[in-house]
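Just so we're aligned, residue 48 is where the sequence shown starts under the working numbering, counting upward by one.
Cβ atoms here follow ideal geometry from the backbone N, Cα and C, with glycine treated the same way.
All figures in this text were calculated on a predicted structure; none of them were measured in a lab.
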Amino acid sequence: MGGLIAALGRFYMQFVNVVRRLLDKTLFSICIVIMVTLVIDVSWQVISRYALGSPSTFTDETARFLMVWMTFLGGAYMFGCDGHLSVTSLRDRLPSGVKNFVVVLTYVLITAFAVLVMFYGSQRLISRTISQPSPSLGIPMGIFYSILPISAVCIVIYMVLNLIEFFLGGTAKQKE
């Protein structure tokens, strides 16, 4: 029976690693595309304004939209890399059992926030603004706000992967 449990644990860890790598590469690639597009957009904004003397009408709004999308997708990516700023001095002083409880509680609270606020909370916002066009581009604002549930799903996936790693004794970043 112990061999079966160990094999199942290895399978889940391999599954976690495959899903994490896939999500990491996808988010990272999307962030690169957004950043390159943002650089081109802002460069065109400067060139059209100062070199051509006729400022472009869409570049300012495009830059804002791209920056917001970059922020949310980059934030989700950082959850996967455990790269967010955290103050661990108190947690590090706790006994091992309490420390593990705090780590799990942190993952659960982040998941709850992503589900309740970012996913369900944004549904009302998206439904109210789906027919409202953006001023310059004319894109429905609901599409712009759709980054909230998209990043929430990514964060939830990362938190579930972190919890699986944590409980299987893997390499969850916060576990000692």
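Next on the checklist: Please return the same chain residues whose Cβ sits closer than 6 Å to the Cβ of Val-63, not counting the five positions on each side in sequence.
Outcome noted: Along the sequence shown, one-based indexing puts residue 63 at 16. Answer for Val-63: Leu-208, Ile-211, Glu-212, listed in chain order.
Checklist entry - Pick from Val-145, Met-117, Val-93: whose alpha carbon is nearest that of Leu-195? => result For this step, residue 195 is matched to residue 148 along the sequence shown. For the residues Val-145, Met-117, Val-93, the minimum Cα distance to Leu-195 belongs to Met-117.
Checklist entry - Can you give, in chain order, each stretch of the alpha helix (DSSP H) that sits fully within the region 144-181 and has at least 4 residues? => result 168-176
Checklist entry - Which same chain residues, not among the five before or five after Thr-109, have their C-beta less than 6 Å away from its C-beta? => result Stepping through the sequence shown from its first residue, residue 109 is reached at position 62. Here the set comprises Asp-88.
Item to check | C-beta contact flag for Tyr-154 and Phe-75 at 8 Å | outcome: As a working note, residue 154 is residue 107 in the sequence shown. As a working note, residue 75 is residue 28 in the sequence shown. It is not a contact, given that the beta carbons lie outside the stated cut-off.
Checklist entry - Apart from the five residues just before and just after Phe-112, which ones in its own chain have a Cβ nearer than 7 Å to its Cβ? => result As a first step, residue 112 must be located in the sequence shown, where it is residue number 65. Only Phe-191 meet the Cβ criterion.
Item to check | Residue range of the alpha helix (DSSP H) that includes Ile-211 | outcome: Locating residue 211 in the sequence shown gives position 164, where the first residue counts as 1. Looking at the DSSP string, the run of the alpha helix (DSSP H) that includes Ile-211 is 194-214.
Next on the checklist: Taking the straight line between their C-alpha atoms, what separation do you get for Ala-53 and Phe-214?
Outcome noted: If you number the sequence shown from 1, residue 53 lands on position 6. If you number the sequence shown from 1, residue 214 lands on position 167. Each residue's Cα considered, the two are about 13 Å apart.
Checklist entry - When you compare only the Cα positions, how much space is there between Ser-174 and Lys-72? => result The residue you call residue 174 lines up with position 127 of the sequence shown. The residue you call residue 72 lines up with position 25 of the sequence shown. Cα-Cα distance, rounded: 30 Å.
Next on the checklist: My assumption, with CB atoms under 8 Å, is that Ile-202 sits in contact with Phe-126. Please give the rounded CB distance.
Outcome noted: The sequence position of residue 202 within the sequence shown is 155, counting from 1. The sequence position of residue 126 within the sequence shown is 79, counting from 1. Contact holds; Cβ gap of about 5 Å.
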